[in-house]
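Trainee: Numbering (the UniProt record's numbering), first residue to last: 1 to 535.
Note that the Cβ used here is the ideal one computed from N, Cα and C, for glycine as well.
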């Protein structure tokens, strides 16, 4: 859920640059929420001074919120060709394609936005065209790395532009704002070329139908898998909307030129089992993705069973363990062999391990290290590594803290709004607002609605109507509805005359009585809604 702001100038005349605007996914504590994105409330108030949004690469955690939030920012957007192609698809889905001023910047291109002189620096990662942004200002230079690794054989795209990184370091760099994801992992992250070699050999040993699942955005891996399939006389079938979207953007921007054309899903059934490879979405156990539908035998065109194999060419993103293991168990129950990175070397990370971080620091030689893109323990470990590498200053920030990088020593100077927005269906709501709190409460303790019909003096004209959802019967001789009805009748009967004539007083008395009775019997407090009709 990356969203970074760089400001230049005094508070009364400050110009802003935004880098990346991404999403993250709920972890089960946000029932009904599709995706989560940063709340741009602070910069909305400064949007007339926001000079542009620069995108480092096309992963969802870097571009996924642009289509949702651009209308709150209304600034120009800048990206290299592949990222721009991916973004155009999202903007078209939201009806914004003709509204957003999207500017393509060539690889290695430069851009001037007010006091910010920007240079795109080609890196390697698990998607085409990852860029660091070299930021030059009159008060000093900053290297914003985005996501990266060092891969001398990336399969797709160019190798890391070490010469430009070194040259930028030679100019003098005040600060590096750097990826921390793999700082706890020693050594190097490994090369995509090794994955191609290993996958090709592995697929050659497999019988029956083979499916390989991976992140659709990892174009190098998609090419690796297609080439490994072709090397073993298997035709590739792309399965899943994201696979088609990414490969279409890749061909539009000149990638995948020498890869065999995939077979259409509807034609896959005509291929002999030993001559087909399904390249599927769903490596993280997503319920609606292609592999989950295959596991449930509910896919329209694709079927797998006894003697077939599914290879997970991916890692488990923390928080996704349960759905992934459930998916793998469903596959196994159908007699399908499941192979993962734990069994074979079929995945490498797209983020730098400690040796690669050390190499970047040798190239850039910053005065200040600001770790980003990681959990608190990663940021702290990254700061310790920077100190070991003789970086004079380290600054670990949490979301919302504003730091002055220059002039003078770095320090926190402000704390600005930096919350989260939840996509609830088609509506954006702020985290912590009532609907989600109530929904979470209902998921833990059910829900009760009591409807009362009373006369002008507050006497019940009919028995209360009760709807109790998600709550067990709490007394041997009464249903939960009868239990709530008894509590409601007692509460109305005990009301004094003046209170009985006040709808709000009646409602609150019944709500407290019903909730109290359930809590006494069940030790849980469900939300209780009381509707009062007076005749």
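(1) In whole angstroms, what is the alpha-carbon distance linking residue 95 and residue 70?
(2) Which class does residue 337 belong to by DSSP, given the choice of helix, strand or coil?
(3) Looking only at its chain, what residues have a beta carbon closer than 7 Å to the beta carbon of residue 269, apart from the 5 residues adjacent to it on each side?
(4) Residues in its own chain within less than 7 Å of residue 358 by CB, not counting five upstream and five downstream?
(5) Give every residue of the same chain whose Cβ lies closer than 7 Å to the Cβ of residue 127, excluding the five residues on either side of it in the sequence, and list them in chain order.
(6) Under the three-state reduction of DSSP, which class applies to residue 437: helix, strand or coil?
(7) Count the other C-beta atoms from every protein chain shown that fall within 10 angstroms of the C-beta of residue 444, then say buried if there are 16 or more, exposed otherwise.
(8) Do residue 18 and residue 50 have their C-beta atoms within less than 8 Å of each other?
(9) Within 10 angstroms of its Cβ, does residue 461 collect 16 or more other Cβ (buried), or is it exposed?
(10) What is the DSSP secondary structure of residue 267, counted as helix, strand or coil?
(11) Given a cut-off of 8 Å, decide if residue 80 and residue 351 are closer than it, judged by their beta-carbon atoms.
(12) Straight-line CA distance for residue 280 to residue 240?
(13) On the three-state DSSP scale, how would you describe residue 361?
(14) Report the residue from 67, 85 and 97 whose alpha carbon sits nearest the alpha carbon of residue 106.
(15) Taking 8 Å as the limit between beta carbons, can you name the residues of its chain near residue 204, skipping five residues before and five after?
(16) Once the 5 residues before and after residue 337 are set aside, which same chain residues still bring their CB inside 6 Å of it?
(17) Measuring straight from C-alpha to C-alpha, what distance separates residue 132 and residue 64?
(18) Is residue 400 buried or exposed, if buried means 16 or more other CB atoms sit within 10 Å of its CB?
(19) Check residue 514 in the structure and name its three-state DSSP category.
(20) Mind pulling the beta strand (DSSP E) runs of 3 or more residues that sit fully within the segment 465–521?
(21) Is it true that the CB of residue 229 sits closer than 8 Å to the CB of residue 291?
(22) If I'm right that residue 188 touches residue 353 with Cβ under 8 Å, what's the distance once you round it to whole angstroms?
(23) Decide yes or no for the touch test of the segment 8–28 against the segment 401–413: beta carbon pairs closer than 8 Å, at least 3 of them.
(24) Taking the beta carbon of residue 471 as the centre, do at least 16 other beta carbons fall within 10 Å, making it buried, or is it exposed?
(25) Below 8 Å between beta carbons: does that hold for residue 346 and residue 141?
(26) Between the Cα of residue 27 and those of 513, 286, 149 and 386, spot the shortest distance and give me the residue it belongs to.
(27) Out of 24, 32 and 458, state which residue places its alpha-carbon closest to the alpha-carbon of residue 38.
(28) Indicate whether residue 535 and residue 455 have their beta-carbon atoms separated by less than 8 Å.
(29) Skipping 5 residues on each side, what residues in its chain have a beta carbon closer than 6 Å to that of residue 613?
(30) If we count the other Cβ atoms within 10 Å of its Cβ and call it buried at 16 or more, is residue 173 buried or exposed?
(31) Of the choices 526, 437 and 22, whose alpha-carbon is the least far from that of residue 147?
(32) Mind checking whether residue 371 and residue 393 have CB atoms under 8 Å apart?
(33) Determine which residues share a DSSP beta bridge with residue 538 and list them.
(34) Beta-carbon separation of residue 66 and residue 77 under 8 Å?
(35) Which residues in the same chain as residue 91 place their Cβ atom closer than 6 Å to its Cβ, once the five residues preceding and following it in sequence are excluded?
(36) Please state whether the Cβ-Cβ distance between residue 31 and residue 437 is less than 8 Å.
Mentor: Judging by the given coordinates:
(1) 12 Å
(2) strand
(3) Non-local C-beta neighbours of residue 269 in its own chain, meaning closer than 7 Å and more than five positions away in sequence, comprise 301, ordered along the chain.
(4) 389
(5) Short of 7 Å from the beta carbon of residue 127, and not among the five residues preceding or following it, lie these beta carbons of its own chain, in chain order: 57, 58, 59, 217, 218 and 219.
(6) helix
(7) exposed
(8) Contact check for residue 18 against residue 50 passes: the beta carbons are separated by less than 8 Å.
(9) exposed
(10) helix
(11) Cβ atoms of residue 351 and residue 80: not closer than 8 Å.
(12) C-alpha separation (whole angstroms): 6 Å.
(13) helix
(14) Of the candidates 67, 85 and 97, the residue whose Cα lies closest to the Cα of residue 106 is 85.
(15) 231 and 232
(16) Cβ-Cβ distances below 6 Å link residue 337 to 309 in the same chain, with the five nearest sequence neighbours on each side left out; the list follows chain order.
(17) Cα to Cα, residue 132 sits roughly 18 Å from residue 64.
(18) exposed
(19) helix
(20) 465–469
(21) no
(22) 5 Å
(23) no
(24) buried
(25) no
(26) Considering only alpha carbons, the answer is 286.
(27) Residue 24 is the option with its Cα nearest to residue 38.
(28) Yes. Within cutoff.
(29) Absent from the model: residue 613. The displayed extent of the chain is 1 to 535, so no value can be given.
(30) buried
(31) 22
(32) no
(33) This structure leaves residue 538 out entirely; the chain is present only between 1 and 535.
(34) yes
(35) 67, 97 and 100
(36) no
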